[in-house]
Ligand code: SAH
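In the working numbering, the protein residues as written are -3 to 261.
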């Protein structure tokens, strides 16, 4: 099971208490509860409490420390969130890779996710205390997210993976489907039927196939059709056959009659 208590959110030198409250709320929404504040400018604060709404417990249990070093002292994995790429290149992760790294080590190691100041982010010394940096791929014209929004994005990414792990893996798309997928044999019968009907209605000339059946196969493999849908299509094909047969038979009979009459003349 993913241990949410093994992940702490560290906010460095936050100036607006409202942001601290909003971060606490985002954390609680996503199941995290360990909040560490490095030299917050204004804390405790009624404004933080107001923005935390039902996450006041997280503010009450927040640990306040003097330095980032203190905040990450017991953490074996430290990942710093940064909107900008810095002069010194550092191992950079996407939010998803961050989630993977933390999840992979979650049983053994405590991890810290570090977020910077609203106006200036994390400084170089702070960034160098991190094993990895994480950048949210925001729009380059304005890539700096509000602090609590950044916390939310990373925590959400982590939660998705944590839930998947606890479920024994990502839910397959099939879990949500009400019908079985058609089997290979069923699909082959369908192709035969389709080809027969397309020939019967003069749409398809087997002497000049022009990749029609390959294209049909590709279309239906892409869809991964289910049994119900397959039965509907087979039903449509059968009805086409039923409806063209009398006319064909009539036409055939007429032709035969004409031939006979011609012979008799
Ligand atoms: N003006 C600051 C950004 C501050 S936003 C700067 O340019 O660095 C406050 C904090 O939110 C940042 O320090 C970072 O931890 C986080 N953050 C905001 N946008 C982010 C992004 N696109 N990717 C990763 N972290 C981000």
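Heads up, the beta-carbon is just placed ideally off N, CA and C, and yes, glycines get one too. Computed from a predicted structure; not experimentally measured.
Using the Cα positions of residue i and residue j, report the straight-line distance between them to the nearest angstrom.
i: residue 96; j: residue 154; result: 8 Å
i: residue 262; j: residue 162; result: Since the first residue shown for the chain is -3 and the last is 261, residue 262 is missing from the structure and cannot be characterised.
i: residue 3; j: residue 159; result: 15 Å
i: residue 211; j: residue 197; result: 18 Å
i: residue 230; j: residue 219; result: 16 Å
i: residue 141; j: residue 80; result: 11 Å
i: residue 60; j: residue 119; result: 19 Å
i: residue 143; j: residue 135; result: 16 Å
i: residue 256; j: residue 187; result: 38 Å
i: residue 19; j: residue 56; result: 13 Å
i: residue 235; j: residue 195; result: 15 Å
i: residue 26; j: residue 152; result: 6 Å
i: residue 215; j: residue 191; result: 14 Å
i: residue 86; j: residue 58; result: 29 Å
i: residue 157; j: residue 1; result: 15 Å
i: residue 242; j: residue 251; result: 14 Å
i: residue 70; j: residue 217; result: 51 Å
i: residue 84; j: residue 124; result: 9 Å
i: residue 253; j: residue 203; result: 29 Å
i: residue 107; j: residue 137; result: 31 Å
i: residue 206; j: residue 227; result: 27 Å
i: residue 239; j: residue 246; result: 12 Å
i: residue 249; j: residue 213; result: 36 Å
i: residue 126; j: residue 37; result: 23 Å
i: residue 117; j: residue 88; result: 16 Å
i: residue 54; j: residue 174; result: 41 Å
i: residue 111; j: residue 47; result: 18 Å
Return the chain-ordered list of same chain residues with a C-beta closer than 7 Å to the C-beta of residue i, the five sequence neighbours on each side being excluded.
i: residue 150; result: 77, 91, 94, 109, 130
i: residue 189; result: 230, 233
i: residue 208; result: 200
i: residue 35; result: 9, 62
i: residue 265; result: Because the chain is modelled from -3 through 261, residue 265 falls outside the range shown and cannot be assessed.
i: residue 132; result: 91, 141, 146, 149
Using 8 Å for Cβ pairs, my map puts residue i next to residue j. What's the rounded Cβ distance?
i: residue 51; j: residue 24; result: 4 Å
i: residue 193; j: residue 237; result: 6 Å
i: residue 113; j: residue 10; result: 7 Å
i: residue 184; j: residue 222; result: No, residue 184 and residue 222 are not in contact; Cβ-Cβ is about 16 Å, not under 8 Å.
i: residue 75; j: residue -2; result: Not a contact, Cβ separation roughly 16 Å.
i: residue 67; j: residue 147; result: Actually they are not in contact, since the Cβ atoms of residue 67 and residue 147 sit about 15 Å apart, beyond 8 Å.
i: residue 122; j: residue 64; result: 5 Å
i: residue 45; j: residue 21; result: With a Cβ gap of about 11 Å, residue 45 and residue 21 do not count as contacting.
Which partner residues does residue i have in the DSSP bridge list?
i: residue 224; result: According to DSSP, which records beta bridges pairwise, residue 224 is partnered with nothing at all.
i: residue 108; result: 4, 74
i: residue 117; result: 113
Measuring only between beta-carbons, confirm whether residue i sits less than 8 Å from chain D.
i: residue 149; result: No chain D appears in the structure shown, which is made up of a single protein chain.
Whose C-beta lies closer than 8 Å to the C-beta of residue i among residues of the same chain, with five residues either side of it excluded?
i: residue 115; result: 11
Touch test, the stretch 35 to 51 against the stretch 94 to 112, Cβ-Cβ under 8 Å, three pairs minimum: no
contact_flag[the stretch 172 to 186, the stretch 5 to 20] where n(CB pairs < 8 Å) is 3 or more: no
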